[in-house]
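A.B. asks:
2 protein chains.
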Amino acid sequence: MKIGQATIKDIAKELNVSSSTVSRALKDYPGISDETKRKVKEVADKLNYRPNAIALSLRKSRSFTIGVIIPEVVHFFFSTVISGIEEVASSRGYNVILTQTNESLAREKSSLDTMLSNQIDGFLISFSKETTDFDHFSKLLDYGYPIVFFDRIPDIPNAISVMIDDYQGAYNATSHLIEQGYTRIAHLAGPKNLNISKERERGYREALINHGLKVYPEFIIECPFGTNEEGFKATEYLIKKINLKPDAIFANNDMAAVGAMLACKAEGLKIPEEMGIVGFSNWQFCSIIEPSLSSVSQPGFKIGEKATSMLLDMIEKKLDPDTITAPIVLETELLIRKSSVRLSS
Amino acid sequence: MKIGQATIKDIAKELNVSSSTVSRALKDYPGISDETKRKVKEVADKLNYRPNAIALSLRKSRSFTIGVIIPEVVHFFFSTVISGIEEVASSRGYNVILTQTNESLAREKSSLDTMLSNQIDGFLISFSKETTDFDHFSKLLDYGYPIVFFDRIPDIPNAISVMIDDYQGAYNATSHLIEQGYTRIAHLAGPKNLNISKERERGYREALINHGLKVYPEFIIECPFGTNEEGFKATEYLIKKINLKPDAIFANNDMAAVGAMLACKAEGLKIPEEMGIVGFSNWQFCSIIEPSLSSVSQPGFKIGEKATSMLLDMIEKKLDPDTITAPIVLETELLIRKSSVRLSS
DNA sequence: ATCGTTAACGCAAACGATTGCATAAAAAAG
DNA sequence: CTTTTTTATGCAATCGTTTGCGTTAACGAT
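Protein chains in written order, with this note's numbering: chain A, 1 to 345; chain B, 1001 to 1345.
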């Protein structure tokens, strides 16, 4: 005998009325006498009645639940996005079902499946690094299923997505390094199949070109996992193995940037004097490490908020997906700290 | 016309059989001819049939969904716990519904309510800092509702909980400082209403006493929010305003410890020579800040795993809650780094 | 006295799947 | 060729709610 399991029928029985009357009374429908409404509500209270959302979902084929699929929870950026999602969803009366794919395509697909089984009203997705083919998404889109992609967005024509301006963020970061007098700027790039990596690299390249600097291919090293070990190795390589030593590094993510910092320290290179470093994501630790790390801040919370409110608008038909033709782009902010400032201004 | 909306009835119609036959065929029940089974499965495949989990939930009054209520998502420890929860739940075929309370009691209660409405099979809870009265939990427990508390555990006799050994963790951290020759060890404490704070403070106190040191009340400063600003202020106060200056700080959490480090740097105190510092939680940044911060590592992922597997066992009646009389306690690990080592060993 | 109107409520189907109990047809036993 | 058993399938209720439509009784109008 579990709690809250009193049903409309129980109330009906207690008062010798029909379930329809109870249902209507609870919702203040017209055509029910005030007296009955009063009694019904009283008994509902007494029995600790709680509407069965499952029954409601079945009836309305709406679950008031949205599904979130992300690569991993333990990641500063994603956790802030989740936070934004949860805030908006719960304030608008929706539940959030969460799964992480751990960057596995198989899990992404199975998550999609079980969520569909659960009559999810819509999806919020940032796909895995393994995902290169978007058929499983476009099928759903074709059927008019509400989906909003965020951060990592697929190359599907009619997909709705919310992203940050990776290009501009990278451009600003690189320009900042250039303005600080660094001229041989290397780039620790992200995995090639993610658009965000490509965009950041593009921002890096164009900033160099627009400032009259040359792009050296050997200065661009891919760090697909984004760990500090990777950043460490890449930086050691840059310092030791290359003829033209770089004097600054723009990293695709903060962890790699930290790896770069550690490598510099190990090699006795002073930051920012001999090596300027800028990261990407503005993880919490950026401001507290030594020297503090300049980084491009991604508005994770805002992304979550925006993506969710768009999704809910689509679900509630307040927003026609066809009116959205381009991805929503949120601005980044370059946070300049000690690791990249060597000019007294 | 949404995808996956083909129902058992659609399959039945297509083959001119009854829904019961289809249902049984899909589940390989005996008493259905192999021929029929084959056909049913074929059509199911063709129509992209996906069982409606909602209908199933209603029928079985089981939702195969567990509810997670935590103070906040953007927190290294909690995000690792979530990760552990999600792994176990999804591997055992359960969904995870997530809400954060932002440390508000009101939101905690309303989350509880909507989850109950959604026929959640069980709860995983770490309650808010505002929560001092546990009636809303004990009501559910009395009704036999499966709940596992983690990290922050309530003082209810029959509550099942998974926690870490905060006392021992704090004891070890403090002992380590003592062994390093620090004698005037201060403590940045957590909010008084959380058991974990009390336990950590107790570990700190007893370590001092057992090593023949005195406990100075003025050395214990409460940092209820656990921010680095708070830690900064508390440490400045300790350094400047107190007659007997401490030579080490054991902080209730890493952020406060970082605040303490910054305050020491601002005051020109060398770490670890003039001030030893140990934190709690082992946030990611501990190993990459300068000097690296010694910290007590909490096995967040394991907590999530353990709590979830216990909850699912209870839900599936594989585990009788009455056989569990004491909280499950997981061991911490003291990670010794530079911030607290001044003896060459 | 009869008719129309309105207020207040009940009936029953529907959402999708499961399942105990019938039932029909086919096969085996007599 | 019956009778019994087996095999394969269908019926209908159920989970908790909602809702279109019908029903009843009371009331005022004619």
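Here a beta-carbon is modelled for each residue, glycine too, at the ideal position from N, C-alpha and C.
What is the DSSP secondary structure of Val1040/B, counted as helix, strand or coil?
C.D. replies: helix
A.B. asks: Consider the Cβ of Asn1052/B: report whether some Cβ of chain A lies at a distance smaller than 8 Å.
C.D. replies: yes
A.B. asks: Determine whether the Cβ of Glu1316/B lies closer than 8 Å to any Cβ atom of chain A.
C.D. replies: no
A.B. asks: Measuring CA to CA, which of Val296/A, Pro327/A, Lys318/A is closest to Glu333/A?
C.D. replies: Val296/A
A.B. asks: Please check if any C-beta of chain A sits within less than 8 Å of the C-beta of Ala1055/B.
C.D. replies: It does; some Cβ of chain A falls within 8 Å.
A.B. asks: Going by Cα to Cα distance, which pick from Asn252/A, Met310/A, Glu273/A, Lys233/A is closest to Ile328/A?
C.D. replies: Met310/A
A.B. asks: What would DSSP say about Asn1158/B, mapped onto helix, strand or coil?
C.D. replies: coil
A.B. asks: Can you list, in chain order, the residues of the segment 77-99 of chain A whose Cβ is nearer than 7 Å to any Cβ on chain B?
C.D. replies: Those would be Ser79, Thr80, Ile82, Ser83, Glu86, Ser90, Asn95, Val96, Ile97, Leu98, Thr99, in chain order.
A.B. asks: Closest by CA to Pro1146/B, which one among Glu1130/B, Gln1119/B, Arg1152/B, Asp1155/B?
C.D. replies: Of the residues Glu1130/B, Gln1119/B, Arg1152/B, Asp1155/B, the one whose Cα lies closest to the Cα of Pro1146/B is Gln1119/B.
A.B. asks: Could you tell me whether any Cβ in chain B is nearer than 8 Å to the Cβ of Phe150/A?
C.D. replies: no
A.B. asks: Establish whether the CB of Gln1298/B and some CB of chain A are separated by less than 8 Å.
C.D. replies: no
A.B. asks: Which runs of the alpha helix (DSSP H) spanning at least 4 residues fall entirely within the segment 1194-1252 of chain B, listed in chain order?
C.D. replies: Taking only runs of at least 4 residues, the alpha helix (DSSP H) segments lying wholly in the segment 1194-1252 of chain B are 1195-1210, 1228-1240.
A.B. asks: Should Pro299/A go down as buried or exposed, given a rule of 16 or more other Cβ atoms within 10 Å for buried?
C.D. replies: buried
A.B. asks: Skipping 5 residues on each side, what residues in its chain have a beta carbon closer than 7 Å to that of Met1001/B?
C.D. replies: Its pLDDT being 40, under 50, Met1001/B is placed unreliably in this model, and the value from its coordinates should be taken loosely. Excluding positions up to five away in sequence, the list is empty.
A.B. asks: Would you check if the distance between the CB atom of Ala6/A and the CB atom of Ser1117/B is smaller than 8 Å?
C.D. replies: Going by C-beta atoms, Ala6/A is not nearer than 8 Å to Ser1117/B.
A.B. asks: For a minimum of 4 consecutive residues, which ranges assigned as the alpha helix (DSSP H) are wholly contained in the segment 1097-1153 of chain B?
C.D. replies: Runs of the alpha helix (DSSP H) inside the segment 1097-1153 of chain B: 1105-1117, 1135-1142.
A.B. asks: At a CB-CB cut-off below 8 Å, which residues of chain B make contact with Phe346/A?
C.D. replies: A question about residue 346/A goes unanswered here, because the residues of chain A that appear run from 1 up to 345.
A.B. asks: Please list, in chain order, the chain B residues whose beta carbon lies closer than 8 Å to that of Thr21/A.
C.D. replies: Within chain B, no residue comes near Thr21/A; the closest Cβ sits about 22 Å away, beyond 8 Å.
A.B. asks: Can you tell me the Cα-Cα spacing of Ile3/A and Met1115/B, whole angstroms?
C.D. replies: Note on Ile3/A: pLDDT 48, under 50, position unreliable in the model; the coordinate value appears next. Cα to Cα, Ile3/A sits roughly 12 Å from Met1115/B.
A.B. asks: Determine which residues of the segment 269-301 of chain A have a Cβ less than 7 Å from any Cβ of chain B, and write them out in chain order.
C.D. replies: Listed by position along the chain: Gln284, Phe285, Ile288, Ile289, Glu290.
A.B. asks: Judging by CA-CA distance, which residue of Glu1035/B, Asp1155/B, Lys1240/B is the nearest neighbour of Thr1325/B?
C.D. replies: Asp1155/B
A.B. asks: Between the beta-carbon of Pro272/A and the beta-carbon of Lys317/A, is there less than 8 Å?
C.D. replies: Not a contact, by the Cβ cut-off of 8 Å.
A.B. asks: Which residues of chain B have a Cβ atom closer than 8 Å to the Cβ of Ser63/A, listed in chain order?
C.D. replies: Ile1054
A.B. asks: Using the three-state DSSP reduction, which class does Ile1003/B fall into: helix, strand or coil?
C.D. replies: Residue confidence is low: Ile1003/B scores 48 on pLDDT, short of 50, so the model does not pin down where it sits. Its coordinate-derived value is still stated next. Ile1003/B: coil per DSSP, three-state reduction.
A.B. asks: Step through the CB atoms of chain A and report whether any lies within less than 8 Å of the CB of Thr1114/B.
C.D. replies: yes
A.B. asks: Measure the Cβ-Cβ separation of Thr227/A and Ile85/A and say whether it is below 8 Å.
C.D. replies: no
A.B. asks: For Asn95/A, which of helix, strand or coil comes out of DSSP?
C.D. replies: strand
A.B. asks: Taking just the CA atoms, how far does Ser1110/B sit from Ser91/A?
C.D. replies: 11 Å
A.B. asks: Taking the alpha helix (DSSP H) that Ile1054/B falls in, what are its first and last residues?
C.D. replies: 1053-1060
A.B. asks: Note down, in chain order, each residue of its chain lying with its Cβ closer than 8 Å to the Cβ of Ala12/A, except the 5 sequence neighbours on either side.
C.D. replies: Ser18, Ser19, Thr21, Val22
A.B. asks: Go ahead and pull the three-state DSSP assignment for Phe64/A.
C.D. replies: coil
A.B. asks: Compare the C-beta of Val1341/B with all C-beta atoms of chain A and state if any pair is closer than 8 Å.
C.D. replies: no
A.B. asks: Compute the distance between the beta-carbons of Met163/A and Ile153/A, then report whether it is under 8 Å.
C.D. replies: yes
A.B. asks: Would you mind telling me which residues of chain B sit closer than 9 Å to Gln180/A, beta carbon to beta carbon, in chain order?
C.D. replies: Those within 9 Å of Gln180/A in chain B number zero; the least Cβ separation is about 22 Å.
A.B. asks: Starting from the Cα of Gly268/A, find the closest Cα among Lys240/A, Ser281/A, Asn253/A, Ala251/A and give me that residue.
C.D. replies: When Lys240/A, Ser281/A, Asn253/A, Ala251/A are compared, the shortest CA-CA separation from Gly268/A is found for Lys240/A.
A.B. asks: Going by DSSP, what residues sit across from Gly276/A in a beta bridge?
C.D. replies: Ala248/A
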